[in-house]
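Only one structure is covered here, and it is reproduced in the block below.
Protein chains: 2
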Amino acid sequence: MAADFNQFLEKDIEIIENALDKYLQCLSTDYKIVCDAMSYSVKNGGKRLRPVLVLEFCKVCGGDISKALPFACAIEMIHTYSLIHDDLPCMDDDDMRRGRPSCHIAFGEEYALLAGDALLTKAFEIATTSTASPDVTLRAIRELAQKSGVGGMIGGQVMDLLNEGKNTSLETLKEIHLLKTGALIECAATIGCIVANADEEKVQAAKTYAQSIGLAFQVMDDILDVTGDCELLGKPVGSDKNNEKSTYVSILGLEVSTEMVEKLTDFAKESLDVFENEAEFLKQLADSLKSREK
Amino acid sequence: MAADFNQFLEKDIEIIENALDKYLQCLSTDYKIVCDAMSYSVKNGGKRLRPVLVLEFCKVCGGDISKALPFACAIEMIHTYSLIHDDLPCMDDDDMRRGRPSCHIAFGEEYALLAGDALLTKAFEIATTSTASPDVTLRAIRELAQKSGVGGMIGGQVMDLLNEGKNTSLETLKEIHLLKTGALIECAATIGCIVANADEEKVQAAKTYAQSIGLAFQVMDDILDVTGDCELLGKPVGSDKNNEKSTYVSILGLEVSTEMVEKLTDFAKESLDVFENEAEFLKQLADSLKSREK
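Protein chains in written order, with our numbering: chain A, 1 to 294; chain B, 295 to 588.
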């Protein structure tokens, strides 16, 4: 079963990366440097969790993944732009990302800024090319803009900045993550359902699943920052503590945090009941995030 | 006639600013600081040239301006985000914008960065709310993303950066401006026509008009940087020379640059023949840009 899961996952990732390559082709040498910066960051070995969710929720709703693929790539580009801007000196000032120099270290701050802007813009251009019906495509674009905008991901980034160096409560920490990382993960699952014309019950189930694995993912990040292997992670261990950041581990301790990941994963898997026997891959995906080492 | 022109222009601007206010309402106190930064920059006394072009081209094509209004506001937000990011220390490092502190001076670099990102994202959210048919709305969104992306405005910003401190040829200077400022002006005129279901001849005429006034506008900017009144401009005069920037005036001289503005304005007005007697306002708009003092 695990072998099957990995094969399916690799197949999804291959489809996604081929499409990303196609969308990232540079049409002029005049601004090649910013195209290079965009590709550098998009191709920097991400887990492709969000685009995989788009394709897989489209599948379990009986949809045609070719209609979902532009949205899968759009979401990955938005995720990448947010990382590029997050790493900038005026934000987190991170020189490394996934074991390689951050975009602004490799290309300079001005081109990293513009590469982020260009990826965000390109995401919406690509989204318009979906062969889903125009009204479905528009609905999915609206979802994408809302979840990545100030009422979603960006709102979470703002809250994160405002809470820096403060003793953050568990409640606030959850709120920040539900927006900062959760909104885009939820958006991915939702759009997979929307392009497959799924009913509201399925859309709701997808949201519940996505919120749960999104939160589990974040708690796991905090656990790995304490227990992880810096070589596997591509970043130093203990950075949260050094930055005096409130984390699930610092508030709840390692044991309760680990239990929380377990519970959230179970909850995510239960929410998939509405898809009956179709959602085996998504259940295994939830489990795989729990046992990851990077 | 001039009195009529000013009245019509003020009416358009009132419609646009009321709509911008509505779209910029902040839905949570949690991220109010970035909403404030967005509003601060959008409301910073711009000329609203781009949104006026959206509404007016929609009108001359016999369209319903309520369908064009979301796009008018979306383009103004994209224009504003580009100014916020352009002013950042890693780009032009400008402390003042239209006589007031730049966004990053007023709110801090991190919030200026996020306010720019949020305006760009909000633009696409708003665009999806047009009551034009879904396929027309999608076509207009694609135009918006293409013209503001790496193949349009951002490409121009990159070329501008790459040519900094260099002796730029007239040809390259034109190419940079056709993308950096021209693409979004052209996009505004084009989208006005698209949402009115105009035929291809009218779309082409709108593009020619927009490219011509866009270039005239830029040459005029360079002239005002030499001859203008810094109080009216809200920025110091002579900044191009101090920054050793190649401009139309530095390449062509003041006299030829002034002639160029005249010719471009005439060319823009001639391109409106296809609209017969409907385009009086757009002709006067071209003239008004030529005689502006700020």
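Don't be surprised by glycine CBs; every beta carbon is placed ideally from N, CA and C.
CA-to-CA distance, residue j to residue i, given in whole angstroms
i	j	result
A482/B	K22/A	28 angstroms
P70/A	V520/B	48 angstroms
K174/A	L215/A	8 angstroms
D64/A	A196/A	7 angstroms
G443/B	D117/A	8 angstroms
I223/A	S257/A	7 angstroms
E350/B	K305/B	12 angstroms
A580/B	I369/B	19 angstroms
A439/B	L120/A	9 angstroms
V15/A	C61/A	The question names Val, yet the displayed sequence has Ile at residue 15/A. If I take the Cα positions, the gap works out to 19 angstroms.
L254/A	C230/A	18 angstroms
N457/B	L478/B	21 angstroms
V497/B	I488/B	7 angstroms
D86/A	M38/A	15 angstroms
F275/A	A72/A	21 angstroms
V555/B	N300/B	21 angstroms
G281/B	K59/A	Residue 281/B is absent from the model: chain B starts at 295 and stops at 588.
M91/A	S427/B	40 angstroms
I191/A	R142/A	10 angstroms
A140/A	G522/B	48 angstroms
E259/A	H177/A	18 angstroms
I84/A	C103/A	6 angstroms
D94/A	E109/A	12 angstroms
G446/B	K474/B	7 angstroms
F575/B	S544/B	33 angstroms
R292/A	D515/B	56 angstroms
L264/A	K122/A	34 angstroms
D330/B	P89/A	22 angstroms
I507/B	Q284/A	58 angstroms
Contact with chain A by residue i, beta-carbon distance below 8 angstroms
i	result
K416/B	yes
beta-carbon residue i near the ligand MG non-hydrogen atom, thresh 7 angstroms
i	result
L215/A	Among the ligands in the structure shown, none appear at all, so the ligand MG cannot be discussed.
Counterpart residues of residue i in DSSP-defined beta bridges
i	result
P101/A	M96/A
Chain A contact residues for residue i, given Cβ-Cβ distances below 9 angstroms
i	result
E403/B	L88, P89, C90 and M91
A439/B	T121, K122, A123, F124, E125, I126, A127 and T128
Closer than 8 angstroms at the beta carbon, the chain A residues around residue i
i	result
E465/B	Ordered by position in chain A, no residue passes the 8 angstroms Cβ test against E465/B, which lies about 12 angstroms from the chain.
Under 8 angstroms from the C-beta of residue i: neighbouring residues of chain B
i	result
P134/A	S427, P428, D429, T431 and L432
CB contact check: residue i to chain B, cutoff 8 angstroms
i	result
A118/A	yes
L161/A	yes
E186/A	no
H85/A	yes
Neighbouring residues, chain A, relative to residue i (Cβ below 7 angstroms)
i	result
C329/B	V150
Q451/B	L114
R436/B	E125 and T128
Residues that residue i contacts on chain B, provided the C-beta gap is smaller than 7 angstroms
i	result
L27/A	G445
D30/A	G449 and M453
Okay, do the stretch 241-255 of chain A and the stretch 165-184 of chain A touch, 3+ Cβ pairs below 8 angstroms being the bar? yes
Would the stretch 64-84 of chain A and the stretch 36-49 of chain A be scored as touching if the rule is three or more Cβ pairs under 8 angstroms? yes
Does the stretch 103-117 of chain A come within contact of the stretch 50-63 of chain A, defined as at least 3 CB pairs closer than 8 angstroms? no
For the stretch 448-458 of chain B against the stretch 27-38 of chain A, do three or more pairs of beta-carbon atoms, one drawn from each stretch, fall closer than 8 angstroms, so that the two count as touching? yes
Specify whether the stretch 204-212 of chain A and the stretch 264-284 of chain A touch according to this definition: at least 3 beta carbon pairs, one from each stretch, less than 8 angstroms apart. yes
Report yes or no: do three or more beta-carbon pairs, one from the stretch 379-395 of chain B and one from the stretch 416-424 of chain B, lie closer than 8 angstroms? no
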